[in-house]
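So the structure is just underneath, and the comments pick up after that.
Residue numbers (this note's numbering), protein chains in the order written: chain L, 8 to 421; chain P, 8 to 421.
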């Protein structure tokens, strides 16, 4: 057990660095926009690079644009303890999503080095180049390249909203030429990511830290109901093949079943397109989205199978047909139990309120999670808000997260 | 009882005239587009004007663009028996909607004049200038002007999709200058409209003629559910305020209640707009249309009251709110019982299968219906299709309608 760093030593520093990083890509409306390889993104990476050097880390990019700051270890054989998060944001995002994990890692590294000197095992702070998929239709580019899950070939044909290709954007930012080391790593011992919850569970329950046990699996579907357009006035109810009426019944099945579940399954229908979408014409076709998530793939499968069986019955009653297209099926990813227990020990000892939880959102940790032991640690998000300028976490919670990261890195690397 | 005109005398004539009128505004795809005052509309009115003159009617426009063909009556005191329908179409409409009523009136007038000479009461064939509201956001301009329900002032500010004002379009077509008589009429004895059903009731039941007792009343609403946007992965079901989930439940209430009704009420949700309409974001706001129709205003009122009470309960359960905006509330309009009985006598004697029914769609007859005794008579529509190039009625049914019109006009005016 190391001597607890005093909260006062960190006081102000987290907030200052959050504001500092948010200044790269800041909009007047208070939001932050740093899209992969764009000028704001580049200036943020350069600023982090300078900061790394200032605090005694050796900065290095890989050829995808991930930025690492290395604290050499005394054991030449030891593998790397990696910590950080992603530097990119959504368009008009907040100051904390991704950024907090990088800032926390920088502060922790600086503190550990100043207080304890070089670690036994090398510690690296990482500013991952991309997680959000906000500029190009691809997510987890940074962690995907490090873990070898994604290859350069997958960017072929990708372009942003302005028609700039992925390849050109990467090269204009100075990457993709082989000037930097290839991204794939084979020397990682573990990955630790500190992140805002982007949900309300910690806040509502008065917890400061969430130790993620699983990142949920998710399935996404487009569900299309096909009926027949007809005149809203002259077609008796009994002869209708109303795609909207069917869709409403199907969505009600999904919502009722999800509400009954009670064990953490979430199901969302967030999008609907209606044809012809005219008030006095019976809908011919309704397509709606379905997003289902849970920590256990079997629960997701059972939910979908049960609901889809009911769909067939309802559609037959309505004289309509239902086509179900699954376009995403990601299994849940377990975080490392040993790292979770280590975090739990620290928090219990420090008397900090925490809970184990699943992450309903995707994170770089789910890519690392099948590659090396990984810990994902949450701090509360006020109102659960994220991907918005209103994103906010109390300073006290930010500092408790940093403190946990310091203790955990010390435990793992010293 | 007049001598029955032989079907063979009409054979081919109805079809020929339907094709003739459809040639004005015909598209290559087989549809017809005659929008108020546009070149196709003008050429159609000119062609009908010529036809009226050829068959011995005296053509005359009013200053709104309604075209009348008058057969003078022997009784100088007698009021006018008016028959016809609207010449305008929707964009890409069929050959029968409106056109059939004009064609049938022309054939009937020609037949009666040739066979029986001048009637006792004047008969006028009318080609009403506008019913559909397809070019400008206003319906029933033709019948509305004749009956005084609509005034010139109501066109102020109206423009078509190209920005052409109603006033300019009217003047370019040669109307609105006071060159023609003012549209309002005070000399009508009755109005008789023959029209395609635009529904499937006659076809499915094997009837040739529908005698309309009422044109349904209709209410239209925009219903807005307001909840809260949130992350689809990180927001447990129990904390959601999901506008889509609520909307699906409300629509299910409407549909279930309408299906239970069994007495001819129809309810349609044909349009939905979702915000933000993103698959992995819980919907903040859903607005959907509601169109409710029935021949009895009290039935519509009871339906809406009952459903809207249920809405409040459901929204409260979901933590959402519901705003209900009524933007149309048209009472049912009764057709004239005497004219209906006269039509029934003719059909019964001729052994033609018919039924009494309500009209779920709006027609010029609903404007005339509160102004003078009015009869609305339907012939079947194949598959109930209308407002489409696929609109079709069997020749035999078209001819039976014309025959009924001939007999009815003879009964009323000779």
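Beta carbons are placed, not taken as given, at the ideal position from N, Cα and C, and that holds for glycine.
Could you check if residue i is buried or exposed, using at least 16 other CB atoms within 10 Å of its CB as the buried criterion?
{"i": "residue 237 of chain P", "result": "buried"}
{"i": "residue 78 of chain L", "result": "buried"}
{"i": "residue 333 of chain P", "result": "exposed"}
{"i": "residue 14 of chain P", "result": "Confidence at residue 14 of chain P is low in this model, with a pLDDT of 49, below 50, so the placement of that residue is unreliable and no value is reported for it."}
{"i": "residue 11 of chain P", "result": "Reliability fails at residue 11 of chain P, whose pLDDT of 48 lies under 50, so the model's placement of it is uncertain and no value is given."}
{"i": "residue 65 of chain P", "result": "exposed"}
{"i": "residue 124 of chain L", "result": "exposed"}
{"i": "residue 144 of chain P", "result": "exposed"}
{"i": "residue 211 of chain P", "result": "exposed"}
{"i": "residue 278 of chain L", "result": "buried"}
{"i": "residue 245 of chain L", "result": "exposed"}
{"i": "residue 127 of chain L", "result": "exposed"}
{"i": "residue 319 of chain L", "result": "exposed"}
{"i": "residue 23 of chain P", "result": "exposed"}
{"i": "residue 8 of chain L", "result": "Summary for residue 8 of chain L: the model assigns pLDDT 41, below 50, so the residue's position carries little reliability; its value from the coordinates is reported in the next sentence. Counting Cβ neighbours within 10 Å, residue 8 of chain L comes out exposed, since fewer than 16 surround it."}
{"i": "residue 401 of chain L", "result": "exposed"}
{"i": "residue 162 of chain P", "result": "buried"}
{"i": "residue 387 of chain L", "result": "buried"}
Report yes if the C-beta distance between residue i and residue j is below 8 Å; otherwise report no.
{"i": "residue 59 of chain P", "j": "residue 80 of chain P", "result": "no"}
{"i": "residue 40 of chain P", "j": "residue 105 of chain P", "result": "no"}
{"i": "residue 385 of chain L", "j": "residue 217 of chain L", "result": "yes"}
{"i": "residue 380 of chain P", "j": "residue 36 of chain P", "result": "no"}
{"i": "residue 331 of chain L", "j": "residue 310 of chain L", "result": "no"}
{"i": "residue 258 of chain P", "j": "residue 255 of chain L", "result": "yes"}
{"i": "residue 434 of chain L", "j": "residue 240 of chain P", "result": "Here chain L has residues from 8 to 421 only, and residue 434 of chain L is not among them."}
{"i": "residue 298 of chain P", "j": "residue 263 of chain L", "result": "no"}
{"i": "residue 153 of chain P", "j": "residue 200 of chain P", "result": "no"}
{"i": "residue 253 of chain L", "j": "residue 359 of chain L", "result": "no"}
{"i": "residue 302 of chain P", "j": "residue 339 of chain P", "result": "yes"}
{"i": "residue 3 of chain L", "j": "residue 28 of chain L", "result": "Here chain L comprises residues numbered 8 to 421, so residue 3 of chain L is not present and cannot be evaluated."}
{"i": "residue 133 of chain P", "j": "residue 383 of chain P", "result": "no"}
{"i": "residue 62 of chain L", "j": "residue 117 of chain L", "result": "yes"}
{"i": "residue 374 of chain P", "j": "residue 147 of chain P", "result": "yes"}
{"i": "residue 21 of chain L", "j": "residue 114 of chain L", "result": "yes"}
{"i": "residue 406 of chain L", "j": "residue 18 of chain L", "result": "yes"}
{"i": "residue 242 of chain P", "j": "residue 391 of chain L", "result": "yes"}
What three-state label does DSSP hand residue i in the structure shown?
{"i": "residue 94 of chain P", "result": "coil"}
{"i": "residue 65 of chain L", "result": "strand"}
{"i": "residue 225 of chain L", "result": "strand"}
{"i": "residue 164 of chain L", "result": "coil"}
{"i": "residue 135 of chain P", "result": "strand"}
{"i": "residue 220 of chain P", "result": "strand"}
{"i": "residue 71 of chain L", "result": "coil"}
{"i": "residue 364 of chain P", "result": "strand"}
{"i": "residue 253 of chain P", "result": "helix"}
{"i": "residue 8 of chain L", "result": "Summary for residue 8 of chain L: the model assigns pLDDT 41, below 50, so the residue's position carries little reliability, and this model does not support an answer."}
{"i": "residue 342 of chain L", "result": "coil"}
{"i": "residue 145 of chain P", "result": "coil"}
{"i": "residue 76 of chain L", "result": "strand"}
{"i": "residue 319 of chain P", "result": "helix"}
{"i": "residue 336 of chain L", "result": "strand"}
{"i": "residue 359 of chain P", "result": "coil"}
{"i": "residue 178 of chain L", "result": "helix"}
{"i": "residue 383 of chain L", "result": "strand"}
If residue i sits next to residue j, beta carbons under 8 Å apart, how far is it from one beta carbon to the other, in whole angstroms?
{"i": "residue 70 of chain P", "j": "residue 186 of chain P", "result": "7 Å"}
{"i": "residue 87 of chain P", "j": "residue 196 of chain P", "result": "6 Å"}
{"i": "residue 150 of chain L", "j": "residue 165 of chain L", "result": "17 Å between Cβ atoms; not a contact."}
Using a Cβ cut-off of 9 Å, pull out every chain A residue sitting near residue i, in sequence order please.
{"i": "residue 367 of chain P", "result": "No chain A is present in this structure, whose protein chains are L and P."}
Name the residue from the options whose alpha carbon lies nearest to the alpha carbon of residue i.
{"i": "residue 290 of chain L", "options": "L:114, L:248, L:83", "result": "L:248"}
{"i": "residue 280 of chain P", "options": "P:271, P:269, P:294", "result": "P:294"}
{"i": "residue 178 of chain P", "options": "P:373, P:49, P:251", "result": "P:49"}
{"i": "residue 308 of chain P", "options": "P:155, P:285, P:227, P:206", "result": "P:227"}
{"i": "residue 349 of chain P", "options": "P:89, P:155, P:93, P:417", "result": "P:417"}
{"i": "residue 83 of chain L", "options": "L:194, L:414, L:411, L:267", "result": "L:194"}
{"i": "residue 221 of chain L", "options": "L:33, L:376, L:121, L:392", "result": "L:376"}
{"i": "residue 369 of chain L", "options": "L:235, L:138, L:96, L:51", "result": "L:138"}
{"i": "residue 198 of chain P", "options": "P:129, P:235, P:23", "result": "P:129"}
{"i": "residue 378 of chain L", "options": "L:103, L:250, L:285, L:155", "result": "L:155"}
{"i": "residue 276 of chain P", "options": "P:283, P:261, P:266", "result": "P:261"}
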